[in-house]
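Engineer: Chains as they are written, first to last, in the numbering used here: chain A, 1 to 198; chain B, 199 to 299.
1) Report the option in A:74, A:47, A:94 whose CA atom is closest to the CA atom of residue 284 (chain B).
2) Report the neighbours of residue 243 (chain B) on chain A: residues whose CB is nearer than 7 Å to its CB, in chain order.
3) Hey, residue 272 (chain B) and residue 231 (chain B) are a contact pair by Cβ (cut 8 Å); roughly how many whole angstroms apart?
4) Got a sec? Which residues, its chain only, sit under 6 Å from residue 256 (chain B) by beta carbon, not counting five neighbours each side?
5) Closer than 9 Å between beta carbons: that is the criterion. Which residues of the stretch 271 to 282 of chain B meet it against chain A?
6) Which of the three DSSP states is assigned to residue 54 (chain A) in this structure?
7) Give the range of the alpha helix (DSSP H) segment to which residue 220 (chain B) is assigned.
8) Measuring alpha carbon to alpha carbon, tell me which of A:94, A:26, A:59 ends up nearest residue 223 (chain B).
9) If you check the beta carbons only, do residue 214 (chain B) and residue 247 (chain B) fall under 9 Å apart?
10) Going along the chain, which residues of the stretch 223 to 244 of chain B sit with their C-beta nearer than 7 Å to a C-beta in chain A?
11) Assign residue 209 (chain A) to one of two classes, buried (16 or more other C-beta atoms within 10 Å of its C-beta) or exposed (fewer than that).
12) Which one of B:254, B:287, B:266 has the shortest CA to CA distance from residue 152 (chain A)?
13) When DSSP labels each residue in this structure, what does residue 275 (chain B) get in the three-state scheme?
14) What residue from A:12, A:142, A:65, A:3 has the CA that sits closest to residue 25 (chain A)'s CA?
15) For the pair the stretch 45 to 56 of chain A and the stretch 134 to 148 of chain A, tell me if three or more CB-CB distances fall below 8 Å.
16) Using the Cβ count rule (16 or more neighbours within 10 Å means buried), how would you classify residue 30 (chain A)?
17) Using a Cβ-Cβ cut-off of 8 Å (strictly less than) and excluding sequence neighbours within five positions of residue 55 (chain A), which residues of its own chain qualify?
18) Taking a contact to mean a Cβ-Cβ separation below 9 Å, would you say residue 201 (chain B) touches residue 4 (chain A) in this structure?
19) Can you give me the C-alpha to C-alpha distance between residue 287 (chain B) and residue 18 (chain A), rounded to a whole angstrom?
20) When the Cα of residue 23 (chain A) is compared with those of A:106, A:139, A:167, A:70, which residue comes out closest?
21) Hey, could you find the ends of the alpha helix (DSSP H) residue 62 (chain A) is sitting in?
22) Closer than 9 Å, Cβ to any Cβ of chain A: which residues of the stretch 204 to 222 of chain B, in chain order?
23) Residues of chain B with a CB under 9 Å from the CB of residue 53 (chain A): which are they?
24) Flag this pair as yes or no: are the beta carbons of residue 280 (chain B) and residue 32 (chain A) separated by less than 9 Å?
25) May I ask you to list, following chain order, the residues of the stretch 147 to 163 of chain A that have a beta carbon less than 7 Å from some beta carbon of chain B?
26) Residues of chain B with a CB under 8 Å from the CB of residue 27 (chain A): which are they?
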């Protein structure tokens, strides 16, 4: 019980830090804390496999992707971002819209029928094979009842990979420049580096 | 004090609220993308809480799919950020107006 309140505090604090941080790197650190606390929160809800997935996929893969992009973009000398945030003039409508969202979510939550107390899980104690939330339970449901969504997931990932290569690859669609010259024209100081290397 | 599903859903709503403020009020696209990840996580927390409430793992399957879509979304969003940065040398969503009607 006490774990919930501690984790809730950590989650909210790290989320606020993520949103209000001055630089994206600080946001990544806040987001890392948020993801790990959320994985612990999944453990309190007996979603063991999802906790592992949360750490591996979110804090392992997605955050590394963010860190790589930040390192790539801010390696130059130019300022990363021009001008201040638009916080002063838009924070009021943002908060109003967010409060409306919170009101809608609260009404929805109050009108759904849930157990007041978390029901005891069936299928044995936590950690047993086949217990609720265990890997065996999750895998059985994923590969029998939900096999088609699982395969669609693979298709989505393939489309995303192709899309990323098309968007950020060397030869953008519609631009006929050969990859070698295009890379030189687009980076900021590649020619100096090339002469230094050769 | 007993912690029930309502506590988890309320926490999920608060996290969603923080993410919405981040998406709207910031104009650094990287922080906006991270706020979108916060939104995904808030929704996931509600799904897991409801799955635990009914002791049905369909919510877990759904969270699995959401995580996959979030990974794809982050990859494509970051690719767009990189392309934008290549063209204009700085990243600011207010400056990206090439597709404005």
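The beta carbon of each residue, even a glycine, is placed where N, CA and C say it ideally should be.
Structural biologist: So, to answer that:
1) A:74
2) 38, 41
3) 6 Å
4) none
5) 271, 272, 273, 274, 276, 277, 278, 279, 280, 281
6) helix
7) 203 to 223
8) A:94
9) Contact check for residue 214 (chain B) against residue 247 (chain B) fails: the beta carbons are separated by 9 Å or more.
10) 223, 224, 225, 226, 228, 229, 232, 233, 235, 236, 239, 243
11) Coverage of chain A is limited to positions 1 through 198, which leaves residue 209 (chain A) absent and any answer about it impossible.
12) For residue 152 (chain A), the closest of B:254, B:287, B:266 by C-alpha to C-alpha distance is B:266.
13) helix
14) A:65
15) yes
16) buried
17) 35, 36, 39
18) Taking 9 Å as the Cβ cut-off, residue 201 (chain B) and residue 4 (chain A) qualify as a contacting pair.
19) 24 Å
20) A:70
21) Run containing residue 62 (chain A): none; DSSP gives neither H nor E here.
22) The residues in question are 204, 205, 206, 207, 208, 209, 210, 211, 212, 213, 214, 215, 216, 217, 218, 219, 220, 221, 222.
23) 261, 262, 265
24) no
25) 149, 153, 156, 157, 160, 163
26) Within chain B, the residues near residue 27 (chain A) are 228, 229, 232.
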